[in-house]
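Which chain is which? The protein sequence lines are A and H, in order.
Quick note: the first sequence uses the working numbering, first residue 53, plus one each step.
Quick note: the second sequence uses the working numbering, first residue 24, plus one each step.
All residues carry an ideal CB built from backbone N, CA and C; glycine is no exception.
What you are looking at is a predicted structure, and each value in this text was computed from that prediction instead of being measured.
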Amino acid sequence: MTKKQILARIGQIVLVLLGISFITFALVMLAPGDVVRQMIAGNEDIMVSQAEIDALRAELGLDKPFFFQYLDWLGRALQGNLGFSYMVKKPVVEALWEGLPGTVLLSLASLFMMMVVSIPAGIYSAVKRGSVVDNIVRVFTFMGVSMPGFWVGLMLLWIFGLKLDLLPIVGGEISLETLIMPSLTLAIAMASKYTRQVRTAILEELHQDYVVGARARGMTESHILWKEVLPNAMLPLITLLGLSLGNLLGGAAVIEMVFQWPGLGRLAIEAITYRDFQLVQGVVVWIALMYMVINLVVDMSYNHLDPRLRKVR
Amino acid sequence: MKKLFKISAAAAMIGVLALAASGCGGGSSKKANVTNEMVKFGVTNFADNLDPADNFFSWVVMRYGLGECLVKFDNKMNATPWLADKWSISDDKLTWTFHINDKVKFSNGDKLTAEIAKESLERTFKLSNRAQSVFQYSEIKADGQNLIIKTKNPTPSLPGMLADPLFIIIDTKVKDRDIKKEGPICTGPYAVKTYSKAKAVMVANPNYWDGAVPFKNAEIPTIDDPNTRAMALQKGEIDFAINIAAGDLQLFKDKAKYNISEIASLRTVLAQINMNEGKPLHDPKVRAALIQCLDRVTYNKVLLKDTFIPGKAPVPPSLDYGFDQLKDPNAYNPENAKKLLAEAGWKDTNGDGYVDKNGKNLEIDFVFYSGRAELPLYAEATQADAKKIGIKVNMKNVDYNVLDPMRQKGQFDLIISNILTANTGDPEVYLNWYWKSNINGSQPQNSTGYSNAKFDALSDKLAVEFDPAKRRQYMIEMQQILLDDGVALFFGYPKTNMVSKAGLVNANIYPADYYWLTKDIAPKN
Chain A
53 MTKKQILARI GQIVLVLLGI SFITFALVML APGDVVRQMI AGNEDIMVSQ AEIDALRAEL
113 GLDKPFFFQY LDWLGRALQG NLGFSYMVKK PVVEALWEGL PGTVLLSLAS LFMMMVVSIP
173 AGIYSAVKRG SVVDNIVRVF TFMGVSMPGF WVGLMLLWIF GLKLDLLPIV GGEISLETLI
233 MPSLTLAIAM ASKYTRQVRT AILEELHQDY VVGARARGMT ESHILWKEVL PNAMLPLITL
293 LGLSLGNLLG GAAVIEMVFQ WPGLGRLAIE AITYRDFQLV QGVVVWIALM YMVINLVVDM
353 SYNHLDPRLR KVR
Chain H
24 MKKLFKISAA AAMIGVLALA ASGCGGGSSK KANVTNEMVK FGVTNFADNL DPADNFFSWV
84 VMRYGLGECL VKFDNKMNAT PWLADKWSIS DDKLTWTFHI NDKVKFSNGD KLTAEIAKES
144 LERTFKLSNR AQSVFQYSEI KADGQNLIIK TKNPTPSLPG MLADPLFIII DTKVKDRDIK
204 KEGPICTGPY AVKTYSKAKA VMVANPNYWD GAVPFKNAEI PTIDDPNTRA MALQKGEIDF
264 AINIAAGDLQ LFKDKAKYNI SEIASLRTVL AQINMNEGKP LHDPKVRAAL IQCLDRVTYN
324 KVLLKDTFIP GKAPVPPSLD YGFDQLKDPN AYNPENAKKL LAEAGWKDTN GDGYVDKNGK
384 NLEIDFVFYS GRAELPLYAE ATQADAKKIG IKVNMKNVDY NVLDPMRQKG QFDLIISNIL
444 TANTGDPEVY LNWYWKSNIN GSQPQNSTGY SNAKFDALSD KLAVEFDPAK RRQYMIEMQQ
504 ILLDDGVALF FGYPKTNMVS KAGLVNANIY PADYYWLTKD IAPKN
């Protein structure tokens with residue numbers, strides 16, 4: 053990508069963020085029900101007096117017209133102030149910042165586990181297509197994709213935490229011990245999906261003419277696989293990997309709940325439950341930003357990974 | 024294909040063997056003994072900080088054994104002395120005098136004086152919008168160890184109101200403490216060492232005024248998922264836990280290893296009935312028929328696995344408001360329900376399975392939400408039982424956010440609630456909230472069209488009655504009126520539980536949902 057293209061993409065990111073923030077703000081505010089009552093009681097059937105509701109409405113400036121409220125938020129957001137969370141009683145940026153280390157660590161660890169399993173398994177399945185190992189991998193990948201994450205998490209807790217007593221059940225803190233099971237839970241579903249995709253991508257490449265040509269020129273199978281096929285097969289997977297990372301960085305609420313992992317997922321769910329509009333805005337903007345930045349980085353990386361793209365320009 | 028089948032079977036066998044092998048590891052509590060060094064308590068937690076004036080976070084301050092109020096509820100939700108050892112009221116029924124127990128000290132050694140209690144209450148009123156909605160005062164003053172509260176209106180339930188954790192007494196002499204980050208200085212058996220939403224670490228209060236503190240340290244991890252909480256207790260990573268899920272309770276039935284303390288909570292699950300003119304349930308006989316066709320015992324004992332007590336009256340049996348003496352004229356009687364419908368002119372004339380009148384089937388809309396697992400279940404059970412007597416129930420599953428507006432606008436025939444009936448120890452507010460006549464919007468939650476002059480008269484007498492026995496009697500009579508009028512479907516009352524290792528004593532659950540880690544929970548030996 054040229055500098056001009058990169059600048060154009062950054063411009064697009066800003067526009068998309070503006071659109072997303074407006075839509076989120078509108079959805080939170082225009083959703084049925086009283087946003088202020090929801091902020092006080094969440095989903096609890098608690099008797100909340102009208103006086104209490106009115107007092108908070110005035111305190112938060114929610115009696116102003118909707119558009120002014122959005123402009124007010126936008127003005128502050130442009131200065132790096134995403135507002136103050138009523139729910140956690142701290143600036144939104146601070147709340148996001150606190151959840152970030154857990155989310156980043158969990159994302160990277162699960163991605164790493166996924167790659168360690170899916171790339172070798174996918175390559176081996178493709179090269180040994182139809183073999184016993186290929187069939188075993190296929191069975192496990194189908195199982196991995198079919199099992200819901202929360203159930204896998206509970207099974208891991210039951211086996212490794214309760215029965216084998218290898219890992220702690222009570223989480224809540226960031227440590228290597230508490231990281232293993234939640235990241236493994238996320239990795240199992242992702243690895244199952246990616247193993248199939250790596251296999252398919254390698255098989256496609258193995259049927260390309262250049263592979264036939266390489267074999268005709270007497271190159272070894274391992275050279276063809278590692279030096280010719282793999283780099284070509286990895287290109288589409290990097291895009292998918294970028295999307296997965298973006299997804300993970302938005303938090304994994306259910307897994308965080310099962311393992312008491314301190315991340316952004318639970319924060320997002322609670323913010324929605326309590327209609328904490330400033331925090332919802334902050335989380336949504338963060339997730340959108342992550343998606344777009346990672347995709348930009350992925351696109352930029354193509355230049356380095358595929359010399360043909362450089363030549364086109 | 025055959026090969027694939029063999030491989031799959033082999034893989035499945037390996038999986039089964041692995042699980043079987045893991046099963047040999049033993050899942051029972053491996054750390055059954057509890058010493059006075061440390062107790063670990065698995066909880067659910069919603070508090071981002073420990074400021075009692077913030078949101079409903081005071082509940083957590085009390086649950087963690089940190090904060091105490093002037094007044095405490097007993098097992099039957101009667102107000103009993105705590106930091107105040109006695110109280111009295113003036114003849115004009117406006118001035119309350121609470122005597123502060125001379126023995127009470129904060130965890131930092133400061134003595135609790137009436138002056139500090141006054142400042143603490145004033146701080147709560149300054150910082151919490153909710154305080155004003157509980158009661159209103161014209162003056163609070165300290166006179167020696169007497170705390171004098173002058174209310175704007177006669178407030179018979181004031182002692183119970185002061186038992187709400189919102190009114191936890193904190194040491195206001197401490198000025199340089201960030202309460203939100205470090206927690207307040209209070210009078211409870213434990214003091215905060217560190218706090219985050221994920222985990223609280225508490226230490227014994229060295230100056231505790233009400234006996235020896237049983238544990239030197241207490242760790243309170245937040246474990247929101249009930250399955251994980253149960254597993255943590257089974258493994259022994261925690262010593263006791265709150266609200267183990269119904270399906271998991273059987274894991275802890277072995278009395279040699281665990282204690283289960285279970286009680287009906289202060290909640291009632293009910294469906295208000297819209298009886299406005301023109302609505303199908305306007306006719307008392309149709310209402311009675313609908314209530315009588317519901318097999319509430321089966322719903323609670325079987326469908327909900329005995330985790331709820333079958334419903335009968337507005338106020339749950341955990342509160343001493345005559346549950347057993349109240350007579351339900353609409354107890355389960357499906358045959359009589361059919362007769363009542365016939366008497367009201369509803370008969371199945373076209374053989375479609377539903378009763379009709381003037382060419383129109385008897386159809387009602389049941390509005391509910393799925394946020395609580397039991398609610399759709401009650402709604403579905405109602406639909407099934409109502410069909411047996413020819414009433415068609417249309418299910419309206421809505422988002423919780425729209426439930427309240429629909430209630431206030433009367434857009435329902437039945438609308439469900441799982442409601443806390445007596446946060447301040449007394450169901451007066453709850454009874455008025457749903458069933459007192461709604462005159463020009465005075466009771467917005469009562470859009471059902473229900474109005475009964477006798478009920479309203481009792482409610483008015485109750486508002487100014489200070490004698491606890493008379494108050495109780497009024498509320499029993501009010502409930503009987505509601506039952507006789509068939510104003511709602513009272514489905515059930517959820518149970519709540521605390522499960523502890525056998526190595527602990529007095530880990531008991533109370534109806535008030537904020538006495539968790541108490542001074543009484545101690546090691547067995």
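Minimum C-alpha distance to residue i - residue among the options
| i | options | result |
| --- | --- | --- |
| Ser523(H) | Asn266(H), Asp108(H) and Gln348(H) | Asn266(H) |
| Tyr122(A) | Trp210(A), Gly71(A) and Ile58(A) | Gly71(A) |
| Asn152(H) | Pro283(A), Ile290(A) and Gln102(A) | Gln102(A) |
| Leu114(A) | Met286(A), Ala178(A), Val169(A) and Met81(A) | Met81(A) |
| Asp115(H) | Ala367(H), Val487(H), Tyr457(H) and Ala223(H) | Val487(H) |
| Gly127(A) | Val189(A), Phe74(A) and Lys141(A) | Phe74(A) |
| Ala129(A) | Ile226(A), Ala83(A) and Gln333(A) | Gln333(A) |
| Glu91(H) | Glu142(H), Phe238(H) and Pro188(H) | Pro188(H) |
| Pro143(A) | Ala178(A), Ala323(A), Ala253(A) and Gln330(A) | Gln330(A) |
| Pro620(H) | Gln406(H), Pro428(H) and Asp490(H) | This structure does not reach residue 620(H), given that chain H is present from 24 up to 548, and the question cannot be answered. |
| Thr195(H) | Asn353(H), Ile462(H), Gly394(H) and Lys128(H) | Lys128(H) |
| Thr389(A) | Leu157(A), Glu273(A), Ile171(A) and Glu280(A) | Coverage of chain A is limited to positions 53 through 365, which leaves residue 389(A) absent and any answer about it impossible. |
| Asn98(H) | Asp371(H), Leu540(H), Ser393(H) and Ala535(H) | Ala535(H) |
| Asn282(H) | His122(H), Lys542(H) and Leu527(H) | Leu527(H) |
Integer Cβ distance of residue i from residue j, believed to fall under 8 Å
| i | j | result |
| --- | --- | --- |
| Ser180(H) | Asp347(H) | Incorrect: roughly 23 Å between the Cβ atoms, too far for contact. |
| Tyr516(H) | Arg290(H) | 6 Å |
| Val310(A) | Asp248(H) | 5 Å |
| Val189(A) | Ser177(A) | 5 Å |
| Leu364(H) | Gly413(H) | 7 Å |
| Val222(A) | Ile175(A) | Contact doesn't hold; Cβ gap of about 39 Å is too wide. |
8 Å Cβ cutoff, residue i in contact with chain C
| i | result |
| --- | --- |
| Asp248(H) | The structure shown has no chain C; the protein chains it does contain are A and H. |
Cα-Cα separation, residue i to residue j
| i | j | result |
| --- | --- | --- |
| Ala360(H) | Ala253(H) | 43 Å |
| Lys547(H) | Leu481(H) | 49 Å |
| Tyr344(H) | Phe478(H) | 16 Å |
| Glu386(H) | Ile438(H) | 15 Å |
| Cys47(H) | Leu274(H) | Bear in mind that a pLDDT of 42 at Cys47(H), under 50, signals an unreliable position, so the model cannot answer this. |
| Gly50(H) | Ser156(H) | No answer about Gly50(H) holds up, because its pLDDT of 43 lies below 50 and its placement is not dependable. |
| Arg248(A) | Leu295(A) | 17 Å |
| Ile191(H) | Leu256(H) | 30 Å |
| Arg89(A) | Asp77(H) | 15 Å |
| Asp186(A) | Ile92(A) | 55 Å |
| Glu242(H) | Tyr401(H) | 38 Å |
| Trp338(A) | Asp375(H) | 56 Å |
| Ala44(H) | Asp217(A) | With a pLDDT of 45 at Ala44(H), under the threshold of 50, the predicted position of this residue should be treated as unreliable, though the coordinate-derived value follows. Rounded to whole angstroms, Ala44(H) to Asp217(A) spans 13 Å at the Cα level. |
| Ala268(H) | Val66(A) | 46 Å |
| Asn299(A) | Val66(H) | 30 Å |
| Asp125(H) | Gly302(A) | 54 Å |
| Ala60(A) | His356(A) | 20 Å |
Sheet register partners of residue i (DSSP bridge)
| i | result |
| --- | --- |
| Gly119(H) | Residue 119(H) is actually Trp in this sequence, not Gly. Answer by DSSP bridge pairing, in chain order: Ile112(H) and Ile172(H). |
| Ala18(H) | Only positions 24 to 548 of chain H appear in the structure, and residue 18(H) is not among them; the question remains open. |
| Pro546(H) | Leu527(H) |
| Phe391(H) | Asn420(H) |
| Phe96(H) | Ala102(H) |
| Pro517(H) | Phe331(H) |
| Asp166(H) | Asn169(H) |
| Thr245(H) | Val66(H) |
Interfacial residues, the region 231 to 247 of chain A to chain H, with Cβ spacing under 8 Å:
none
What residues from the region 73 to 96 of chain H come within 7 Å of chain A, judged by C-beta to C-beta, listed N to C?
Asp77
Name, going along the chain, the residues of the region 501 to 513 of chain H whose beta-carbon falls closer than 8 Å to a beta-carbon of chain A.
none
Using a Cβ-Cβ cut-off of less than 8 Å, give me the residues of the region 250 to 268 of chain H that come near chain A, in sequence order.
Asn250, Thr251, Met254, Ala255, Gln257, Lys258, Glu260 and Ile261
Report the residues of the region 289 to 314 of chain A with a CB closer than 8 Å to any CB of chain H, ordered along the chain.
Met309, Val310, Phe311, Gln312 and Pro314
Going along the region 155 to 166 of chain H in order, which residues come within less than 7 Å of chain A, judged by CB to CB distance?
Gln155 and Ser156
By the 7 Å beta-carbon criterion, what residues does the region 206 to 219 of chain A contribute toward chain H?
Leu206, Leu209, Trp210, Ile211, Gly213, Leu214, Lys215, Leu216 and Asp217
Between the region 210 to 221 of chain H and chain A, which residues of the former have a C-beta closer than 9 Å to a C-beta of the latter?
Ser219, Lys220 and Ala221
Select from the region 429 to 462 of chain H all residues with a C-beta closer than 8 Å to any C-beta belonging to chain A, and list them in chain order.
Ser440, Asn441, Ile442, Leu443, Asn446, Val452, Tyr453 and Trp456
At a Cβ cut of 7 Å, what residues of the region 195 to 206 of chain H count as close to chain A, listed as they run along the chain?
Lys203
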